[in-house]
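Numbering (this note's numbering), first residue to last: 241 to 397.
Here it is in structure tokens:
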């Protein structure tokens, strides 16, 4: 979302150990597969130095029981000035996991304008520009398959 590497895998592992303890760090990450949970990602983002972000960052979970259309409506309403983007965590099976255990993949969708978004998924060949309707359809489909969505907002007033 920041358009550059901002947090290393080692830093994410350290946060997982910090919040879960050495023995419980597996609650927050899958060794080798590199999947860190939302708690680790949230901690990492909120700890970024100020030069990496506009003011402080607030991370919140989007309740998947709520309609995605409501999220986009808030982007045009109460979150208009503060919404930076979304971080999406999708289930994914990969050859690396031998298709035996489900993995997860994180990707960001950054707000470009009030009605346009940029899908920054590293698994895509290049960033993809999305209109509001495309964003709604994509997120709706992802959530139906078990995705989780984090909302990233600036706390700068």
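Positions of the beta carbon are idealized from the N, C-alpha and C atoms, including for glycine.
{"Item": "Measure the alpha-carbon distance for residue 301 versus residue 328 and round it to whole angstroms.", "Value": "10 angstroms"}
{"Item": "Can you list the alpha helix (DSSP H) stretches of 4 or more residues lying completely in the region 271-335, in chain order?", "Value": "278-286 and 308-316"}
{"Item": "Rounded to whole angstroms, what is the Cα-Cα separation between residue 278 and residue 330?", "Value": "12 angstroms"}
{"Item": "DSSP state of residue 391, grouped into three classes?", "Value": "strand"}
{"Item": "Between the alpha carbons of residue 349 and residue 305, how many angstroms are there, rounded?", "Value": "20 angstroms"}
{"Item": "Assuming residue 389 and residue 379 form a contact by the criterion Cβ under 8 angstroms, report the distance between their Cβ atoms to the nearest whole angstrom.", "Value": "6 angstroms"}
{"Item": "Ends of the beta strand (DSSP E) at residue 380?", "Value": "Element bounds for residue 380: not the beta strand (DSSP E) but the alpha helix (DSSP H), 372-384."}
{"Item": "Look at residue 276 and residue 252 and say whether their C-beta atoms are less than 8 angstroms apart.", "Value": "yes"}
{"Item": "According to the neighbour-count rule (16 or more other Cβ atoms, all chains shown, within 10 Å of its Cβ), is residue 382 buried or exposed?", "Value": "buried"}
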